[in-house]
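Everything on this sheet refers to the single structure shown next.
Residue numbers (our numbering): 9 to 420.
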């Protein structure tokens, strides 16, 4: 430890510079006490309440960044120091002992954020003068200078009060959801509002509470046997981006903790030690070293075929996709056409997200994607005329760079 950042409320009230915050030399005796307590309790009253499993072999963990086990991260618990483990395990215990009560399941919703902020992968971002949590760059990149936050502090990022506010806001939105609609669209649909709106958008309330009579299931998109043939009007999905992100390997970080709270109540989903990976639609060289791209396209095609089966003849399939390289786009479109769909329209929208690996400054090691493309597809009810891939790509590219007004025209 190099230093400790403290907070003085009286100094803050007295308008002392830096908002009452200050730096001091670390008190190693406190951390030594935490290490001693963890060693004393981890195999006694804490047994079974922290993940003891080893990192499974994967691209993100063993092939990327030189393999994080070579940096000492061999098991999931090694991604936390003793003090962090003490806090997290006691929270897990509190949740488990109240299992079955509504507030316990709400509290579980805070765990993923707690795990992002209070681990050995959080860093101090000088430009923002605050702590940046794990997975801001969507990988397990080892940090040379990590920062340990205070979960129960009164200031700073990653505090329990902040998570509680997020949960409260989420519950409020769930009961009365809202969406942002651009003022231009509102003025077009309701001319009387023209000139009366300020800013770029307004909140609109669709008055359809989330999960009000709906069904939420955890299953593979390549096997939707719970849905009857030609029974749905619309399928909306967001397919994986080739080999950019390996979702299950990233999700394991959260899953190994969540299963401790949920495996008794939801055994079919949370009994396995890790997240399922066999049918994951990604190009993962760690699992399919010979031809990972072919496997990705095969699974993706099976997902599209299931969507084709459950859609009505006039139904719509809509999905978004973005990638900085051409090959994954070709794989997605080829599997889509092989499954019986045709592309009716493509709408480019500007993206503010980052995906995958890269080295661009200011993106925390992720690759910036400038545009998302929203694809609108329908079932092909007759055999199409042959067309070359070169012609498809030219037409697709031409369509996606048209003006906003022209983008509303369909691309067949």
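Note that beta-carbon positions come from the ideal geometry of N, C-alpha and C, so glycine has one too. As the structure is a prediction and not an experimental result, all values here were calculated from the model.
For residue j and residue i, believed in contact at Cβ under 8 angstroms, the rounded distance
i           : j           : result
residue 95  : residue 159 : 6 angstroms
residue 231 : residue 314 : 7 angstroms
residue 182 : residue 218 : 5 angstroms
residue 83  : residue 63  : 7 angstroms
residue 255 : residue 290 : 7 angstroms
For residue i, the three-state DSSP class (helix, strand or coil)
i           : result
residue 128 : coil
residue 199 : helix
residue 36  : helix
residue 226 : coil
residue 282 : coil
residue 54  : coil
residue 235 : coil
residue 209 : strand
residue 329 : strand
residue 338 : helix
residue 287 : coil
Sequence-distant residues of the same chain with beta carbon closer than 8 angstroms to residue i, five excluded per side
i           : result
residue 18  : 28
residue 132 : 138, 139, 140, 153 and 155
residue 240 : 318, 319, 320 and 323
residue 88  : 96, 126, 127 and 128
residue 236 : 318
residue 266 : 116, 119, 120 and 278
Among the options, the one whose alpha carbon lies nearest that of residue i
i           : options               : result
residue 10  : 390, 298 and 154      : 154
residue 13  : 142, 162, 261 and 216 : 162
residue 286 : 261, 106, 257 and 263 : 257
residue 44  : 93, 301, 341 and 354  : 93
residue 310 : 278, 344, 250 and 171 : 344
residue 387 : 338, 325 and 357      : 325
Neighbourhood of residue i by C-beta, 7 angstroms cutoff - its chain only, sequence neighbours within 5 removed
i           : result
residue 189 : 209, 210 and 212
residue 120 : 262
Start-to-end residues for the alpha helix (DSSP H) that takes in residue i
i           : result
residue 263 : 255-270
residue 180 : 168-183
residue 302 : 300-318
residue 135 : Looking at the DSSP string, residue 135 is not in any alpha helix (DSSP H), and its letter there is neither H nor E.
Residue i, enclosing beta strand (DSSP E) - first and last residue
i           : result
residue 244 : 240-245
residue 15  : 12-15
residue 140 : 138-140
residue 163 : Counting along the chain, residue 163 falls outside any beta strand (DSSP E), and DSSP gives it neither H nor E.
residue 24  : From DSSP, residue 24 is part of no beta strand (DSSP E); its letter is neither H nor E.
residue 189 : 187-190
Cβ shell of residue i (< 6 angstroms), same chain only, five flanking positions each side left out
i           : result
residue 399 : none
residue 15  : 28, 29 and 163
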